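First comes the structure, then the notes that go with it.
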Amino acid sequence: MYVPFENLPEESKIWIYQSNRKFSDAEFSEIETALQSFLESWAAHGTSLESSYQLKYNRFIIIAVNQDVQAATGCSIDSSVEFIQSLEQKYTVDLLDKMNVTFKLGEHIAHKPLIDFKKMVKDKAVTENTIVFNNLVNNIEEYNESWEVPAIDSWHSRFF
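When we follow this note's numbering, the leftmost residue of the sequence shown carries the number 34, and every step to the right adds one.
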């Protein structure tokens, strides 16, 4: 069951999927419609999941579920991954590769393979103060506090 994102408690579980390219506004509009439809029928063991989403920077899909109402289980998580895979195929994008880094370069959002990001660190093209997207956050509270942070305050800090 879809609910507005701001109505979910801060301890709600989240999954963040980053695209290897920017979506067009039209694509993001289609994705929003598909997401809302998916979440309306998303269930675990026959019980609707109280869930929501956010779309950010024409690049990120954030799915959240209130685990206090009903926890997402293996089968329900599998169905969400299948949904994300369907988006990958439809839009010819990569949303599941965790070996990429997305970060801000001024107002621009950059997306690089991890190896290229490490080289940029070595070349001082990015610094400890570069804003990175920490997609390893687990819940809405962490998302609100620690998703967009200086690299030194995230798992990226090991590269400096």
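Just so you know, even glycine gets a beta-carbon here, dropped at the ideal spot from N, CA and C.
A quick note: this is a predicted structure, and the numbers were derived from the prediction, not measured.
- The straight-line gap separating the alpha-carbon atoms of Phe38 and Ala158 is approximately 35 angstroms.
- Residue environment for Met153: buried (at least 16 other C-beta atoms within 10 angstroms of its C-beta).
- Restricted to the region 112-160, the alpha helix (DSSP H) segments that are unbroken, complete and at least 4 residues in length are 147-155, listed in chain order.
- For Leu88, the enclosing beta strand (DSSP E) starts and ends at Ser84 to Lys89.
- Taking 8 angstroms as the upper bound for CB-CB distance, Ile49 and Ile173 are not in contact here, some 11 angstroms apart.
- Apart from the 5 residues on each side of it in sequence, Glu161 sits with its Cβ closer than 8 angstroms to the Cβ of Pro183, Ala184, Ile185, Ser190 and Phe193 in its chain, given in chain order.
- Per DSSP, reduced to three states, the secondary structure at Phe166 is strand.
- Inter-residue distance for Asn167 and Ala97 is about 16 angstroms (C-alpha atoms, whole angstroms).
- Taking Glu65 as reference, the option from Arg92, Leu41 and Pro42 with the minimal CA-CA separation is Arg92.
- Every beta strand (DSSP E) stretch that sits fully inside the region 46-81 and reaches 3 residues is listed by chain position as 46-51.
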